Every structure is written in structure tokens, then in C-alpha cells.
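In this note's numbering, the protein residues as written are 949 to 1076.
Worksheet for the structure shown next.
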Ligand code: THU
């Protein structure tokens, strides 16, 4: 699967976002070892802190289906800037990044994207 294909899946997933409060739809597509992809969108809640980001939705879907080795995650939002994962999502994904090689593809409305290693975005991850 190419970066563009994964990003397209993230964009499609953003159409499912439940965002009555922020109106900011985010989609994620998480590629697992072996090639299976889980998508996710953000799901907001009237208790705003209970909102779940697109990246964590995808991650929880994968882990709950028995997939916990991840290669890449693509993120899409109709935003001017690149939609990078929030701090909570970085930490959440880092839980499953034991080798430090998960790649994060963050795109923006015009289709351009940037690529980072999760470890670059969250060095010195909390663990115990
Ligand atoms: N959001 C995500 O889905 N992923 C992120 O990494 C950052 C923020 C969502 C949460 C909320 O529904 C909306 O974007 C505005 O913060």
C-alpha cells in the first residue's frame, strides 16, 4: 500500500467523524504488520474531555481485533496545516511502538503530507 492510498483511507474515514462541537473532522488509517488496515474517526462527546481522537479510535479497533503491531498511521483533516497527532494520541500509539519504527503520515486539505517517526514526535516516552 502506498502512502497516498493510506492517506485516502484516512480521508474517507474522516467522513464518518462525529463532530457536532468542534466541526473538525479527522480520519486515521492504521496499517498493521501483515497489511491489514484499521480506520478511525474522531467521536466527540458533550462532556468534551470524553472525546476520542481518530488515531485512538483506529488503534483501539486494531488492538481489540488482535492486531497490535503497527507500521504506519495516516491522518487527515480538512485543515490548512498538517494534522499531527495530539499528545495523548502520541503516547497511546507509543504503547505499541516497542521498536520505535511506527511512521506517522500527517496530511492537510491540499493533499500534501509530512512523514515522521512516532519516536521523533514523542521522544523519551513514558513507560514503566
Ligand atoms: N482530534 C483528533 O481526532 N486527532 C488529533 O490528533 C487531534 C484532535 C480531534 C479531537 C476533536 O474532536 C477535534 O479534533 C478538535 O480538537
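Note that CB positions come from ideal geometry on N, CA and C, so glycine has one too.
Quantities reported herein were computed from a predicted structural model and do not represent experimental measurements.
Check                                                                                                                                                            : Outcome
Is residue 985 near the ligand THU, judged by its Cβ being under 6 Å from some heavy atom?                                                                       : no
Any heavy atom of the ligand THU inside 6 Å of the beta-carbon of residue 972?                                                                                   : yes
Contact between the region 1035-1043 and the region 957-970 is defined here as three or more beta-carbon pairs at a separation below 8 Å; is this criterion met? : no
Spell out the partners DSSP gives residue 1003 in its beta bridges.                                                                                              : Residue 1003 is not bridged to any residue.
Name the two residues that bound the continuous beta strand (DSSP E) containing residue 980.                                                                     : 974-980
Using the DSSP secondary-structure output, state which residues sit across from residue 989 in a beta bridge.                                                    : 975
Residue 965 lies in the alpha helix (DSSP H); which residues open and close that run?                                                                            : Note, residue 965: premise wrong, no alpha helix (DSSP H); not H, not E.
Buried or exposed for residue 993, going by 16 or more other Cβ atoms inside 10 Å?                                                                               : exposed
When the Cα atoms are used, what is the spatial distance from residue 1018 to residue 1010?                                                                      : 9 Å
Could you tell me how far apart the beta carbons of residue 1002 and residue 988 are, in whole angstroms, since I believe they sit closer than 8 Å?              : 5 Å
Tell me the residue span of the alpha helix (DSSP H) that contains residue 1041.                                                                                 : 1035-1042
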